[in-house]
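> Basically the numbering used here = 1-based index in the sequence shown + 6.
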Amino acid sequence: MEPGAIQLEYVDAFGAAHRPPEETIRAIERARGWVAFAKASTGAAVAMRRPGPASSERSGRSVVVLRAGETPAIGPCELALEDGTSLTVDRALPGDLPLGYHRLHRRGEPSRLIVAPRACYLPASLREWGWAIQLYAARSRRSWGIGDLADLRWLARWAKQQGASMALVNPLASSTPILPQQPSPYFPSSRRFRNPLYLRVEELDGAREVAGIGALAAEARRLNRQRRIDRDIAFRLKLQAFERIWRRVRRRRDRSFETFEREQGTPLFEYAAFCALAERFGSGWHGWPAAYRRHDAPAVQRLAKDRDVSDRIRFHIWLQYQLDQQIARASREAPIVQDLPVGFDADGADAWAFQDVLADDMSIGAPPDQFNTRGQNWGLPPFVPNRLREAGYDPFIQTIRACLRHAGGLRIDHVMGLFRLFWIPRGMEPRDGAYVGNAADDLLAIVALESHRARAVIVGEDLGTVEEHARANLMARAVLSYRLLWFEKVPPAQFPEQSLAAVTTHDLPTIAGLWTGSDLKAQKQIGLAPNEQGTLEIRERVRTLTRASDRTPLETVIARVYDALGRAPSRILTATLDDAMAVEERPNMPATSGEWHPIETLKANALAARIARALTRPASSKRRV
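1. Which of helix, strand or coil does DSSP assign to residue 385?
2. Take the Cβ of residue 614 as the centre, count every other Cβ of all protein chains shown within 10 Å, and call the residue buried at 16 or more, exposed below.
3. Determine the closest residue to residue 230 out of 270, 142, 246 and 197, with distance taken between C-alpha atoms.
4. When the Cα of residue 398 is compared with those of 370, 449 and 427, which residue comes out closest?
5. What span of residues does the beta strand (DSSP E) with residue 426 cover, start to end?
6. Looking only at DSSP bridge pairs, what is residue 179 linked to?
7. Return the first residue and the last residue of the alpha helix (DSSP H) that residue 585 is part of.
8. Whole angstroms are fine: how far does the CA of residue 185 sit from the CA of residue 227?
9. Is the region 198 to 217 in contact with the region 265 to 283, if contact means three or more CB pairs nearer than 8 Å?
10. Quick check: the Cα distance between residue 629 and residue 535, rounded to an integer number of angstroms?
11. Cα separation between residue 180 and residue 279?
12. Extract the residue ranges of the beta strand (DSSP E) inside the region 398 to 426, only unbroken runs of 3 or more that lie entirely within it.
13. From what residue to what residue does the alpha helix (DSSP H) around residue 356 run?
14. Buried or exposed, going by whether 16 or more other CB atoms sit within 10 Å of the CB of residue 475?
15. When the distance is taken between beta carbons, is residue 209 closer than 9 Å to residue 321?
16. Using DSSP with H/G/I as helix, E/B as strand and the rest coil, what is residue 512?
17. Contact defined as beta carbons within less than 8 Å: I believe residue 205 pairs with residue 154. What is the distance between those atoms, to the nearest angstrom?
18. Return the CA-CA distance between residue 137 and residue 127, expressed in angstroms with no decimal places.
19. Which residue wins for smallest C-alpha separation from residue 97, given the options 79, 89, 103 and 306?
20. Considering Cα atoms alone, identify which of 33, 560 and 77 is closest to residue 365.
21. According to DSSP, is residue 83 part of a helix, a strand, or is it coil?
22. Along the beta strand (DSSP E) that carries residue 119, what are the first and last residues, could you check?
23. How many angstroms separate the CA atom of residue 407 from the CA atom of residue 458?
24. Measure the C-alpha to C-alpha separation of residue 440 and residue 549 and round it to an integer number of angstroms.
25. Nearest by alpha-carbon distance to residue 491: which of 533, 444, 473 and 541 is it?
26. Would residue 81 be called buried (16 or more neighbouring beta carbons within 10 Å of its own) or exposed?
27. Which residues in the same chain have their Cβ closer than 6 Å to the Cβ of residue 513, if we skip the five residues on either side of it in sequence?
28. Whole angstroms is fine: what's the gap from residue 639's alpha carbon to residue 402's?
29. State buried or exposed for residue 443, treating a residue as buried only when at least 16 other CB atoms are found within 10 Å of its CB.
30. Have a look at the DSSP bridge pairing and note the partners of residue 579.
31. Can at least three beta-carbon pairs, one atom from the region 298 to 318 and one from the region 369 to 387, be found at a separation below 8 Å?
32. Output the residue ranges of the alpha helix (DSSP H) runs that lie fully inside the region 312 to 369 and measure 4 residues or longer, sorted by chain position.
33. Can you say whether residue 151 is buried or exposed, counting buried as having 16 or more other CB atoms within 10 angstroms of its CB?
34. Using alpha carbons as the reference points, say which of 86, 169, 116 and 8 lies closest to residue 104.
35. Have a look at 501, 163, 156 and 393 and flag the residue whose alpha-carbon is nearest the alpha-carbon of residue 573.
36. Give the range of the alpha helix (DSSP H) segment to which residue 239 is assigned.
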């Protein structure tokens, strides 16, 4: 699909054709400010409605995206390269331009010039495996009721001792710092900044000098014994500790902190200002006093001169600095593969900062399928493609760069969202939504550039319906496919090489939950309508793959599943901590982590050691991310 095109017909998971209502089309056109017309696409014979020439011409002047070696004729222009070099071009751009973000001046019009590699970073001999970790649930005996970055550091060190080369984590993205806390890491306030809930309090600068931290820690550690992860109590206790420590250290000169604050610049200041304003006015910036509804409003900028508010802003900046330090320490134990959610909360910090490039009266989601017969509305606003381009893709660049900081890789949730997203107008049902195209070539070019700069592998979560042209495009860009044993009809030995292979995800049953049938029961108990036939089919595939019977011990079944996964030729293999502990509950069941198993018990866990042996590759085929 072309950027901004509306797909006027799509085929659902049941094979039925759907045409979105005209009301949907008009609402999307209003959201984008289009001059629109109809066009039938060749090949797929699918009707499109796309932006008219006026919008395309206007957006085309703002950014030029090239692959390395391309030499388009763009006429006389002046180039200001990222390294400070200036060039005068008569007609065609030179083919040896350095990779990076440059400035281009044509006919008095400034543009951003992005020169990107043709593919993402992917070492030719990469053959690795790692543990997939839902960090909030990976609690140690020293956790404050929720897994934290010190726990991640411990797990990364343990994983390396097991022969693993990486740790994969859920999104660490921030939530709005008020109660109640958002329970889903896939519904963040900001994808560019991190969640202070993941801080280990005792490792904050100055923590040892503050009285009363031990008492707060003792109260928080009592939460570890509960099945439920109570984010609200953990947040309340940690916030008290953060504030006490900040009062102790805020007047100290810390050159490292000052350098971080300066390098992160305006985006970090505005994020911290959002946090301070949310604490004052509550969640939902749309309902704040009008003077504070824009990130660039004079009233927001004046907050830096208000003594009380500016101190609170620096407090939130300091928390981000502490997060950066603790993530860096964890990544020194083993590369961390981070996770990029598909979007962000419409009432959160990113939506506040990026409101000019969002369709605020739209939400993205998914049409009906066999798992969700009414479709899904995720409550996340989409970027408007032409507005994002006019912004030089800066919001997207900021996001990818932030997620790759201290990372050895990045998993992009719902990678098809780079190609198209399913838009649902406010007040309408998911079944009435429509697909809208994104600038996939440009977005993938940015991902490739940032991946090379970070020397980080990119994984695209391409589960479900993925058009063949999109899959081919991702393969050509060296984006690893995401292959799940639960979904694949072929054995792991036949998985594609350019992939990350796993058994399951946080959204799906654990091996124990599937094999014992407890996952189906749990879904029914909380009022869901599970796909029983699909679950039984997966169970039968497991039975065939492992040659297991109902009398086979559960841990033997789990080990045999990973024996099979270990035969996959995939570049990266992953195992979950829940499978290593034979946990029956899936991680995303409401607010639970199952029975508490402190991560320290993994050292003596025979099943974890067995899984590690199954996934460890010969030394001759390994190369670190």
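Note that beta-carbon positions come from the ideal geometry of N, C-alpha and C, so glycine has one too. As the structure is a computational prediction, the values presented were derived from the model and not from experiment.
Taking the coordinates as given:
1. For the purposes of this step, residue 385 is taken as residue 379 along the sequence shown, with counting starting at 1. In the structure shown, residue 385 sits in a strand (DSSP, three-state: E or B).
2. As a first step, residue 614 must be located in the sequence shown, where it is residue number 608. Buried, by the Cβ-count rule.
3. Position 224 of the sequence shown, counted from the first residue, corresponds to residue 230. Residue 230 has its Cα closest to that of 142, out of 270, 142, 246 and 197.
4. Here residue 398 is taken as the residue at index 392 of the sequence shown, counted from 1. Per the Cα distances, 449.
5. Taking the sequence shown and counting its residues from 1, the one referred to as residue 426 is at position 420. First-last of the beta strand (DSSP E) with residue 426: 426 to 431.
6. Numbered from 1 along the sequence shown, position 173 holds the residue referred to as residue 179. Note: residue 179 sits in a beta bridge opposite 200.
7. By 1-based counting over the sequence shown, the position of residue 585 is 579. Residues 583 to 586.
8. By one-based count along the sequence shown, residue 227 stands at place 221. By one-based count along the sequence shown, residue 185 stands at place 179. So the alpha carbons of these two residues sit roughly 20 Å apart.
9. yes
10. The residue you call residue 629 lines up with position 623 of the sequence shown. The residue you call residue 535 lines up with position 529 of the sequence shown. Low local confidence applies: a pLDDT of 49 at residue 629 is under 50, so the model's placement there is unreliable, and no value is given.
11. Within the sequence shown, numbered from 1, the residue matching residue 180 stands at position 174. Within the sequence shown, numbered from 1, the residue matching residue 279 stands at position 273. Distance between the alpha carbons of residue 180 and residue 279 is about 14 Å.
12. 415 to 418
13. Indexing the sequence shown from 1 puts residue 356 at position 350. Start and end: 355 to 359.
14. Counting from one through the sequence shown, the residue named residue 475 turns up at place 469. So residue 475 ends up on the exposed side.
15. Taking the first residue of the sequence shown as 1, we reach residue 321 at position 315. Taking the first residue of the sequence shown as 1, we reach residue 209 at position 203. The answer is no: Cβ separation not under 9 Å.
16. For the purposes of this step, residue 512 is identified with residue 506 of the sequence shown, where counting begins at 1. Three-state result, residue 512: coil.
17. Residue mapping note: residue 205 aligns to position 199 of the sequence shown, counting from 1. Residue mapping note: residue 154 aligns to position 148 of the sequence shown, counting from 1. About 6 Å; that satisfies the 8 Å criterion.
18. In the sequence shown, counting from the first residue as 1, residue 137 sits at position 131. In the sequence shown, counting from the first residue as 1, residue 127 sits at position 121. The straight-line gap from Cα to Cα measures roughly 21 Å.
19. Translated into the one-based positions of the sequence shown, residue 97 becomes position 91. Looking at the Cα atoms, 79 is the closest of the given residues.
20. Start at 1 with the first residue of the sequence shown, and residue 365 comes out as number 359. Closest by alpha carbon: 33.
21. Counted from its first residue, the sequence shown places residue 83 at position 77. If DSSP states are grouped into helix, strand and coil, residue 83 belongs with the strands.
22. Taking the sequence shown and counting its residues from 1, the one referred to as residue 119 is at position 113. Residues 115 to 122.
23. On the sequence shown, residue 407 is found 401 positions in, with the first residue counted as 1. On the sequence shown, residue 458 is found 452 positions in, with the first residue counted as 1. In a straight line, the C-alpha of residue 407 is about 11 Å away from that of residue 458.
24. Residue 440 sits at position 434 when you count from the first residue of the sequence shown. Residue 549 sits at position 543 when you count from the first residue of the sequence shown. In a straight line, the C-alpha of residue 440 is about 40 Å away from that of residue 549.
25. Numbered from 1 along the sequence shown, position 485 holds the residue referred to as residue 491. Of the candidates 533, 444, 473 and 541, the one whose C-alpha sits nearest the C-alpha of residue 491 is 541.
26. The residue given as residue 81 occupies position 75 in the sequence shown. By the 10 Å Cβ count, residue 81 comes out exposed.
27. By 1-based counting over the sequence shown, the position of residue 513 is 507. Taken in chain order, the residues that qualify are 594.
28. The first residue shown for the chain is 7 and the last is 631, placing residue 639 beyond what the model contains.
29. Locating residue 443 in the sequence shown gives position 437, where the first residue counts as 1. Classification for residue 443: buried.
30. Numbered from 1 along the sequence shown, position 573 holds the residue referred to as residue 579. According to DSSP, which records beta bridges pairwise, residue 579 is partnered with 135 and 507.
31. no
32. 313 to 337 and 355 to 359
33. Residue numbering aside, residue 151 sits at position 145 when the sequence shown is read from its first letter. Looking at its Cβ environment, which holds 16 or more other Cβ atoms inside 10 Å, residue 151 is buried.
34. Reading the sequence shown from its first residue, position 98 is the one you call residue 104. That would be 86, whose Cα lies nearest to the Cα of residue 104.
35. Taking the first residue of the sequence shown as 1, we reach residue 573 at position 567. Of the candidates 501, 163, 156 and 393, the one whose C-alpha sits nearest the C-alpha of residue 573 is 501.
36. Here residue 239 refers to the residue found at position 233 of the sequence shown. Unbroken alpha helix (DSSP H) run through residue 239: 237 to 255.
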